[in-house]
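With our numbering, you'll find the sequence shown wraps up at 439, consecutive numbering, no jumps. No residue lacks a Cβ here, since even glycine has one placed at the ideal position from N, Cα and C. Beneath this line is the structure, given in structure tokens, with notes to follow.
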Amino acid sequence: MDIVLAVLERGDVAYEIEFERTSEPPFELRVPSHIGGAAVVDVFDLVDSSEWPVLLRYAFAECVPAVMGSPDDLNAEDLGDAEL
């Protein structure tokens, strides 16, 4: 299993996550989060794939409400419980 390192940047904060390599770099990543106790999903857009398939860089794009039973749940499970 090949692993890709993704750097997620949100303002002055950056953190790394690992995920299983796919055939092409994902154009966005969705990470489960929360605001005031409400479940949300932070969306990060791909900004640099020049080091694919080893390293990808993503920038925060938006925060959207989490909808239980949606495709977002699948992405959240793949990434674990990463938080900023």
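Keeping to the same chain, check which residues put their C-beta closer than 7 Å to that of residue i; ignore five residues upstream and five downstream.
i, result
"M356", "E375"
"P408", "D357, V359, R376"
Take the Cβ of residue i as the centre, count every other Cβ of all protein chains shown within 10 Å, and call the residue buried at 16 or more, exposed below.
i, result
"F399", "buried"
"D397", "buried"
"A361", "buried"
"P420", "exposed"
Determine which residues share a DSSP beta bridge with residue i and list them.
i, result
"E375", "I358"
"P387", "V396"
"V368", "R365"
Hey, quick one: how far does the beta strand (DSSP E) through residue i stretch, first residue to last?
i, result
"P381", "No beta strand (DSSP E) contains P381, which DSSP labels as neither H nor E."
"A416", "410-420"
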